[in-house]
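As structure tokens, the structure follows; a few thoughts come after it.
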Amino acid sequence: MLAALQRIGHRPPPAVLVRPEDILEAVRASMLLGAVVPDLRQEITILATDLGELVRLREGIAGERKAIGSEMEQLAGERQRLASLVEARRERETSAARDIETQRGAAGALAAQAKTLRDFVERMEKEVSVANRAAEAASQALENETRDLRQRMAALAFRDPARLAPKIAFAEARGMLPLPVAGSQLRGFGVNDELGVATRGISLSTRPNAVVSSPSDAWVVYAGSFRSFGQLLILNAGNGYYILLAGMQRIDVSLNQFVLA
């Protein structure tokens with residue numbers, strides 16, 4: 248219909264004069280077409296523009312759907328990989344928990360067998376030495392191959408707050424170690440106690456719920472109660488040096504944990 252009207256508007260048909268009334272009808276038709284055709288052309292142009300925009304939008308939607316499908320596939324792969332990592336981490340945590348529980352039981356057995364604190368520390372040191380020798384023997388070949396890498400990592404560890412090795416050797420830190428807690432000193436090192444025995448440490452008086460921290464970077468080798476010492480924390484500062492902290496209300500670190508000064 249629109250195409251026919253357009254053709255008529257561009258090339259009007261010759262008038263057929265049969266009767267006078269036909270002339271009047273032809274004039275009226277011509278006037279109507281002259282008024283309608285421009286509006287129809289404008290509408291057709293608008294419709295063509297809208298149709299082109301619709302086609303563009305459909306193509307864009309199709310492209311977006313394809314991109315979303317690809318991203319969903321990638322997301323599914325990432326989720327699967329994450330699930331595998333979570334499962335692997337859960338297995339490692341379970342294994343580590345079993346190892347810690349075994350070591351905690353061994354430490355408890357040593358504590359029960361020890362007659363004195365010195366005896367306990369000596370037994371603990373022997374156990375640590377045996378474990379260290381076994382670990383060194385098992386990793387000697389790997390250490391020889393990766394010595395340079397370990398040295399670089401050790402150098403970085405001095406600048407890393409999450410380091411897993413002491414920043415400086417304990418023997419070199421003599422005179423620089425802070426007190427483990429803020430408070431007043433009750434008894435100094437080497438002072439005779441009530442029984443006339445020279446003390447091998449210092450005693451501090453603190454406010455209630457004071458925070459106690461390790462004076463040196465070290466590994467936790469024992470955390471628990473021991474005889475009259477109450478809550479006892481034994482820290483391995485490396486190279487045969489140990490730090491003993493006792494008399495605390497509670498201990499918030501666990502066995503084998505590395506603590507920072």
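First residue of the sequence shown? That's 248 in the working numbering, and the numbers climb one at a time after it. Glycine included, every Cβ here is placed at the ideal spot set by N, Cα and C.
Q | Reference residue 343; option with closest CA among 306, 502, 294 | A | 502
Q.
If you measure between the beta carbons of residue 467 and residue 480, is that distance less than 8 angstroms?
A. yes
Q | Nonlocal neighbours in the same chain, by C-beta distance under 6 angstroms from residue 296, ignoring five residues either side | A | none
Q | Straight-line Cα distance separating residue 428 from residue 458 | A | 6 angstroms
Q) Between residue 435 and residue 491, is the Cβ-Cβ spacing less than 8 angstroms? A) no
Q. With burial defined as no fewer than 16 other Cβ atoms inside 10 Å of the residue's Cβ, what is the status of residue 249: buried or exposed?
A. Any answer about residue 249 is weak, because its pLDDT of 48 lies below 50 and its placement is not dependable; what the coordinates show is given next. That one is exposed.
Q) When the Cα of residue 418 is compared with those of 465, 504, 369, 433, which residue comes out closest? A) 465
Q: Just mark residue 329 as buried or exposed, buried being the case when its beta carbon has 16 or more other beta carbons within 10 Å.
A: exposed
Q. If you draw a straight line from the alpha carbon of residue 438 to that of residue 444, how long is it in whole angstroms?
A. 8 angstroms
Q) What residue from 483, 462, 494, 482 has the CA that sits closest to residue 473's CA? A) 494
**Q.** DSSP beta-bridge partners of residue 432
**A.** 451
**Q.** Rounded straight-line distance, which links the Cα of residue 313 to that of residue 499
**A.** 53 angstroms
Q. Leaving out the 5 sequence neighbours to the left and right, which residues in its chain are closer than 8 angstroms to residue 213 when beta-carbon positions are compared?
A. Look at the range of the chain in this structure, 248 to 508, and you will see that residue 213 is not part of it.
(Q) With distance defined between alpha-carbon atoms, name the residue in 320, 353, 469 nearest to residue 477. (A) 469
Q. Per DSSP, which one or two residues make a beta bridge with residue 439?
A. 445
Q. Quick one: what's residue 478 bridged to in DSSP?
A. 472, 495
Q: Output the distance between the C-alpha atoms of residue 298 and residue 315, rounded to the nearest integer angstrom.
A: 25 angstroms
Q: Can you grab the Cα-Cα spacing for the pair residue 350 / residue 372, in whole Å?
A: 14 angstroms
Q: Just confirm the distance between the C-beta atoms of residue 452 and residue 433, as a whole number of angstroms; I'd bet it's less than 8 angstroms.
A: 5 angstroms
Q: Thinking residue 463 and residue 426 are a contact (beta carbons under 8 angstroms), I'd like their distance in whole angstroms, please.
A: The pair is not a contact, with the Cβ atoms about 12 angstroms apart (cut-off 8 angstroms).
Q. Is it buried or exposed for residue 323, if we count other Cβ within 10 angstroms and need 16 for buried?
A. exposed
Q) Is the CB-CB distance between residue 488 and residue 368 below 8 angstroms? A) no
Q: Give a yes or no on whether the C-beta atoms belonging to residue 416 and residue 486 are separated by under 8 angstroms.
A: yes
Q: Measure the C-alpha to C-alpha separation of residue 337 and residue 345 and round it to an integer number of angstroms.
A: 12 angstroms
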